[in-house]
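To start, the structure itself, in structure tokens.
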Amino acid sequence: MDPDSHPITPERQRLRVRFSKQGDLRWISHRDLARTMERMIRRAGLVLRMSEGFHPKPKLAFPSALAVGIASEAEVMELELACPADPGEVATRLNAQAPPGLTVRHVQAVPAGQSKARVRAMTYQFPVPGERRPQVEQAMAQLLARTTLCIQRDDRAAPVDMRADLESLVWRDDGVRFRIAASQRASLRPRDVLAALGLADLEQQGCFLTRSEVELTS
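Here the sequence shown stands for residues 1 to 218, numbered as in our numbering.
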């Protein structure tokens, strides 16, 4: 062998996967979701690239974890394959191994050099019984008119004003729809909005939040 030659290594590939998580899967933790995805990828015959170091881990990342009990139509996952594969074929192979409630909706290649996906904002939908619409619309108007929305977190000594994180709040599709900006500091949570609107009791009665959109910065 030529001493100046080097072994040829397969070209790696980054993929961005958008998927939905519905039904009973909304009750699994983020860690269990990651394990489910790793298992799907392995059973689909795809090989993940591993990190370097003493404890290598698969190159698999989720820009935003979803709280337990919330469904989603628009989750995002980024992965890195050891060898290139057609994105459409990857989607087909993953869906063939997906458990009930999980559907891969779109897979796209991420251009080389592009930074990791970061979330800019998230949109949520929550159903509301028709008889409570007048009361809820009044609460919505009051919330939108407020200049502050102070939330107390257990790990903070003082409440944090998160009003600026609530970008929009409307009545749509027989319920409320709202968009929350992602924040580097303590961020507004979707259940904070439900509490501010007096809707927490409906979740206890079986209604559930759905994340309908995740807007990325890249």
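Even glycine gets a Cβ: it sits at the ideal position worked out from N, Cα and C.
Computed from a predicted structure; not experimentally measured.
Query, Result
"Work out the CA separation of residue 63 and residue 36 for me, nearest whole Å.", "17 Å"
"Thinking residue 20 and residue 123 are a contact (beta carbons under 8 Å), I'd like their distance in whole angstroms, please.", "That belief does not hold up - the Cβ atoms of residue 20 and residue 123 are roughly 14 Å apart, past 8 Å."
"Suppose you measure from the CA of residue 3 to the CA of residue 39; what does that come to, to the nearest Å?", "Residue placement at residue 3 is poorly supported in this model, since its pLDDT is 45, which falls under 50; the coordinates still yield a value, given next. About 40 Å."
"For the structure I just gave you, are there three or more beta carbon pairs, one from the segment 184-198 and one from the segment 159-169, closer than 8 Å?", "yes"
"Go through the segment 16-60 residue by residue and report every complete run of the alpha helix (DSSP H) that reaches 4 residues or more, in order.", "30-43"
"According to DSSP, is residue 79 helix, strand or coil?", "strand"
"Alpha carbon to alpha carbon, how far is residue 279 from residue 173?", "Not covered by the structure: residue 279. The range shown for the chain is 1 to 218."
"Do you know how far the Cα of residue 176 is from the Cα of residue 149?", "18 Å"
"Shortest alpha-carbon distance to residue 11 belongs to which of 162, 101, 48?", "48"
"For residue 211, count neighbouring C-beta atoms within 10 Å of its own C-beta (all shown protein chains included) and say buried if the count is 16 or more, exposed if not.", "buried"
"For the beta strand (DSSP E) containing residue 125, name the first residue and the last one.", "119-127"
"State buried or exposed for residue 8, treating a residue as buried only when at least 16 other CB atoms are found within 10 Å of its CB.", "Per-residue confidence for residue 8 stands at a pLDDT of 39, beneath the threshold of 50, marking its modelled position as unreliable; the derived number appears in the next sentence. Residue 8 is exposed by the Cβ-count criterion."
"Quick check on DSSP: helix, strand or coil for residue 196?", "helix"
"Mapping DSSP to helix, strand and coil, what is residue 88?", "helix"
"How big is the Cα-Cα spacing for residue 134 and residue 125?", "18 Å"
"Considering residue 104, what are the terminal residues of the beta strand (DSSP E) in which it resides?", "102-109"
"Taking buried to mean at least 16 other C-beta atoms within 10 Å of its own C-beta, is residue 83 buried or exposed?", "exposed"
"I'd like to know whether the C-beta atoms of residue 34 and residue 213 end up nearer to each other than 7 Å.", "no"
"Can you name the start and end residues of the alpha helix (DSSP H) that residue 137 belongs to?", "133-145"
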